[in-house]
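Enquirer: Let me begin by handing over the structure; questions about it come next.
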Amino acid sequence: MEDKKLIQLLSKLNKSYQNCKQVTADDIRLQELLNTTMQELKNRKVEQQYLN
């Protein structure tokens, strides 16, 4: 899956969890992991642009 599509998918998933009224420790951890993953993908995309 291309990075852009993956970032969009993770963003949608993160927004869905943010809209959830239940906030458990697992929900918070999942959001942290989604945010970290999206940031890493964005950083990788920027790095690839500099290499090209």
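Counting from 1, position 10 in the sequence shown corresponds to residue 10 in our numbering; the numbering is continuous, with no gaps. A virtual CB, placed ideally from N, CA and C, is assigned to each residue, including glycine.
Just to confirm, is the Cβ distance from L34 to L13 under 8 Å?
Expert: Result yes, Cβ atoms of L34 and L13 sit closer than 8 Å.
Enquirer: If distances are taken between C-alpha atoms only, which option among R44, V23 and Y50 comes closest to E2?
Expert: Closest option to E2, Cα to Cα, is R44.
Enquirer: Under 8 Å Cβ to Cβ from M38, same chain only, skipping five residues before and after it: list those, please.
Expert: Once the five neighbours on either side are set aside, the close Cβ partners of M38 are I7, L10, S11 and N14.
Enquirer: Considering just the uninterrupted stretch of the alpha helix (DSSP H) at E47, what are its terminal residues?
Expert: Run containing E47: A25 to L51, per the alpha helix (DSSP H) assignment.
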